[in-house]
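Student: Just dropping this structure here.
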Amino acid sequence: MLAKPIVMQNDLDLCLDTSSPLYEAARADIEPFSTLKCALSPLHFYHLDKHKLSKVAHIGLEAIDVIEILERYSRFDIPQSTRFIIHDAMERRK
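In terms of our numbering, the sequence shown opens at residue 2 and continues consecutively.
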């Protein structure tokens, strides 16, 4: 099994491990709804952007889609608080 590259934080921040073979795919998948904060090798730090979450909701992506993307690449469970914020941000814009 390939090492999953994302470690999700409670504050909507996430760390993306650039040394993971899944790095490029994960980066491409999270880019529409996150913002790069800092790029320090081997970790890149992103923030789930509520504005971007609402924008992707307008084009048809749903909260469950975002959560599934994060789960696909996350080493650990996605915090419940993060799930709630994603749902809230995307449901407000429908």
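Glycine residues also receive a C-beta, built at the ideal position from the N, C-alpha and C atoms.
1. Have a look at S55 and F85 and give me their C-alpha separation to the nearest angstrom.
2. P33 and V57: beta carbons closer than 7 Å?
3. Which residues mark the beginning and the end of the beta strand (DSSP E) in which N7 is found?
4. Leaving out five residues before and five after L13 in sequence, what residues of the same chain have Cβ atoms less than 7 Å from its Cβ?
5. With DSSP collapsed to three states, give me the class of A90.
6. Hey, how far is the Cα of H52 from the Cα of L37?
Tutor: On the basis of the coordinates in this document:
1. 14 Å
2. yes
3. Per the sequence shown, the amino acid found at residue 7 is Ile instead of Asn. Here the beta strand (DSSP E) through I7 covers 7-9.
4. H48, L49, T83, I86
5. helix
6. 14 Å
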